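Enquirer: Shown below is the structure under consideration.
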Amino acid sequence: MGVRVTKERIPVVLLTTTHRMEGEVHVIPGGRLLDEINKKIDFLPITNVTVYDLDGETPLDTVDFLAVNKSQIVFLTPSVGY
C-alpha cells in the first residue's frame, strides 16, 4: 500500500481560452500554488470543480476531479478570501 500524503486545499479560479473553472488545488502543507504549476507534469489536478463559459454565470458542469493541461491555462489565481 502506498504512503498517504496530507495536503492543503487552495481554492482557485482558472481560465483557459474557452472556460472559467473554480475549484481546489492541493499542495503540501506550507506549499505554494506556484510549486504545483512548476512541477514537471503536463496536467494540473483540480478537485471540486465548477466549469463555466468564459462570460457565463450558469455552470456548464460540476465534477469531483479534473486534470487540466497546463499548456491551456491562461490565468490561475487563488480565490478571493484565501
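Letter by letter, the sequence shown follows residues -1 to 80 of our numbering. Each residue gets a CB set at the ideal place from its N, CA and C atoms; glycine is no exception. Owing to the predicted nature of the structure, the values given are computational and were not obtained by experimental measurement.
So, at 6 Å on beta carbons, what are the nonlocal neighbours of E59 in its own chain, with the 5 sequence-adjacent residues on each side left out?
Expert: Along the sequence shown, read from residue 1 onward, the residue named residue 59 stands at position 61. For clarity, residue 59 is Asp in the given sequence; the question names Glu instead. Here the set comprises V49.
Enquirer: Are the Cβ atoms of L13 and V72 separated by less than 7 Å?
Expert: As a working mapping, residue 13 is identified with position 15 in the sequence shown. As a working mapping, residue 72 is identified with position 74 in the sequence shown. Yes; because the gap between Cβ atoms is below 7 Å, this pair is in contact.
Enquirer: Return the chain-ordered list of same chain residues with a C-beta closer than 6 Å to the C-beta of V11, the five sequence neighbours on each side being excluded.
Expert: For this step, residue 11 is matched to residue 13 along the sequence shown. Result list for V11: E20, T75 and S77, in chain order.
Enquirer: Would D40 pass as an interface residue toward chain C - the criterion being a Cβ-Cβ separation below 7 Å?
Expert: No chain C appears in the structure shown, which is made up of a single protein chain.
Enquirer: Just checking my contact of L42 with V66 at CB under 8 Å: how many whole Å lie between their CB atoms?
Expert: Residue numbering aside, residue 42 sits at position 44 when the sequence shown is read from its first letter. Residue numbering aside, residue 66 sits at position 68 when the sequence shown is read from its first letter. Correct: roughly 5 Å between the Cβ atoms.
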